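With full-length UniProt numbering, the residue at position 174 of the sequence shown is 174, and numbering never jumps.
Where a beta carbon is used, it is the ideal one built from N, C-alpha and C, also for glycine.
A quick note: this is a predicted structure, and the numbers were derived from the prediction, not measured.
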Amino acid sequence: MEVKQRAAKSLVSRLGSVSDKTRADALRELRLSTKHDPDIRPILAECGAVPYLSEILYSNPHDLQENAAASLLNLSISSKHDLLSSPGLLDSVSHVLRRHSSSSSPAAVQSCSALLHSLLVVDSLRPIIGSKRDIVYSLIDVLKSPNSPPRSVKDALKALFGISLYPLNRATAIQLGIAPVLFNLIVREGRVGILEDATAVIAQVAGCEEASQEFAKVSGVRLLVDLIDIGTGLNMRIKENAVSALLNLARCGGETVVEEIRKWCLAESGFGVQEGISEVAESGSEKGKGKAAALLKILDGEFPRIVGSGSESECGGSSGVDLSENHRFVYLTFDSL
Numbered sequence: 001m002e003v004k005q006r007a008a009k010s011l012v013s014r015l016g017s018v019s020d021k022t023r024a025d026a027l028r029e030l031r032l033s034t035k036h037d038p039d040i041r042p043i044l045a046e047c048g049a050v051p052y053l054s055e056i057l058y059s060n061p062h063d064l065q066e067n068a069a070a071s072l073l074n075l076s077i078s079s080k081h082d083l084l085s086s087p088g089l090l091d092s093v094s095h096v097l098r099r100h101s102s103s104s105s106p107a108a109v110q111s112c113s114a115l116l117h118s119l120l121v122v123d124s125l126r127p128i129i130g131s132k133r134d135i136v137y138s139l140i141d142v143l144k145s146p147n148s149p150p151r152s153v154k155d156a157l158k159a160l161f162g163i164s165l166y167p168l169n170r171a172t173a174i175q176l177g178i179a180p181v182l183f184n185l186i187v188r189e190g191r192v193g194i195l196e197d198a199t200a201v202i203a204q205v206a207g208c209e210e211a212s213q214e215f216a217k218v219s220g221v222r223l224l225v226d227l228i229d230i231g232t233g234l235n236m237r238i239k240e241n242a243v244s245a246l247l248n249l250a251r252c253g254g255e256t257v258v259e260e261i262r263k264w265c266l267a268e269s270g271f272g273v274q275e276g277i278s279e280v281a282e283s284g285s286e287k288g289k290g291k292a293a294a295l296l297k298i299l300d301g302e303f304p305r306i307v308g309s310g311s312e313s314e315c316g317g318s319s320g321v322d323l324s325e326n327h328r329f330v331y332l333t334f335d336s337l
């Protein structure tokens, strides 16, 4: 271990060199080390690599920016708290994301989004990251841009999913315009993986009182109902996410939203929808079955139960109960880079 400590100290020292070549060489070496040697990751973080890497994210050369972002992502696998406790990390990540369509490297944008997703595994980090409105806005803007690579879109969705796991962050995402962006993505996107991820985020942000009004502006209930219809041939995960979203809307949106959900699900043309919900209730995951059963009760006339205790509504945006329970993203599925 002493050998690795010496190697880590040497690498970090070279990152601070006044020589551009020395810094670039050290950065490439550090990226390889963090990719292939899990044991050295916490040592590098403890030796002060993170502030240097954060600073390099502001660099113009794409190769430097990419190597720094990938190294931070690799470090995050083992040293999440060390990263977020480093001053300036989130500001530098925001810098990369804000310039996703101009000066930032696409690979760096992807790595920074994946870095956020990695950090958001930790419950206590979700309110910290979610309070950075510039980061949330930039991730939404990645989804909105027609020129964003599919990998960037997917990583941005994963980061937004992690952010919306903290209930009080959902209202922020709604206020920053996430609803029309997500539903537009569903309408124009044909790739199953992105549809799965987008509907997972929709299911989360639906769990706040602010969601119903914004969903109504984009015919969100009707679009979610269409996803459940058995005639669409969509997979079970997408249907489960849509069921979860409708259930969360019903629980948080009040009687008007409940009536709209009933109207679209029980329409004359809605037999395939009811059959789709029943399919989830019979063949979905355990959580999916429970949510579908609860939605069917709502369609039968039962008013939805608000999750939580006491008389105050406990949807996200009020007291912070996680309504969705549909954590279907698998964290840390990315490879070290």
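- Judged by DSSP in its simplified three-state form, Cys208 adopts strand.
- Within the segment 155 to 241, the alpha helix (DSSP H) runs of at least 4 residues that lie entirely inside it are, in chain order, 167 to 175, 178 to 188, 192 to 205, 211 to 217 and 220 to 228.
- Counting C-beta pairs with one atom in each stretch, the segment 47 to 56 and the segment 70 to 85 have three or more that are closer than 8 Å, which means they touch.
- As the crow flies, the alpha-carbon of Ile140 is around 42 Å from that of Met1.
- DSSP places Lys4 in the helix class (H, G or I) of the three-state scheme.
- Assigned with DSSP and collapsed to three states, His95 falls in helix.
- In this structure, Gly284 lies near Glu240, with their beta-carbon atoms less than 8 Å apart.
- With a contact defined as Cβ atoms closer than 8 Å, Ser101 and Ser145 qualify at about 5 Å.
- Between the beta-carbon of Arg133 and that of Tyr166 there is about 14 Å, and that puts the pair past the 8 Å contact cut.
- In this model, Glu279 and Ala292 are separated by some 9 Å (Cα to Cα).
- A Cβ-Cβ contact shorter than 8 Å links Cys265 with Val273.
- A distance below 8 Å separates the beta carbons of Arg41 and Leu75.
- DSSP, reduced to helix, strand and coil, places Pro127 within a helical segment of the structure shown.
- Comparing alpha-carbon positions, the option among Lys154, Ser113 and Val121 lying closest to Ile135 turns out to be Ser113.
- Between Gly233 and the set Val122, Gly276, Ala198 and Gln204, the nearest pair of CA atoms involves Gly276.
- Restricting attention to Leu160, Pro38 and Gly220, the CA atom closest to the CA of Leu97 is found in Leu160.
- Taking Ile261 as reference, the option from Glu286, Gly301, Ser79 and Gly231 with the minimal CA-CA separation is Gly301.
- Under the three-state reduction of DSSP, Cys112 is assigned to helix.
- Secondary structure at Cys252: helix, using DSSP grouped into helix, strand and coil.
- In this structure, DSSP gives Lys132 a state outside helix and strand, which the three-state scheme calls coil.
- Closest in C-alpha terms to Leu32, from the list Lys21, Ser71 and Leu299, comes Ser71.
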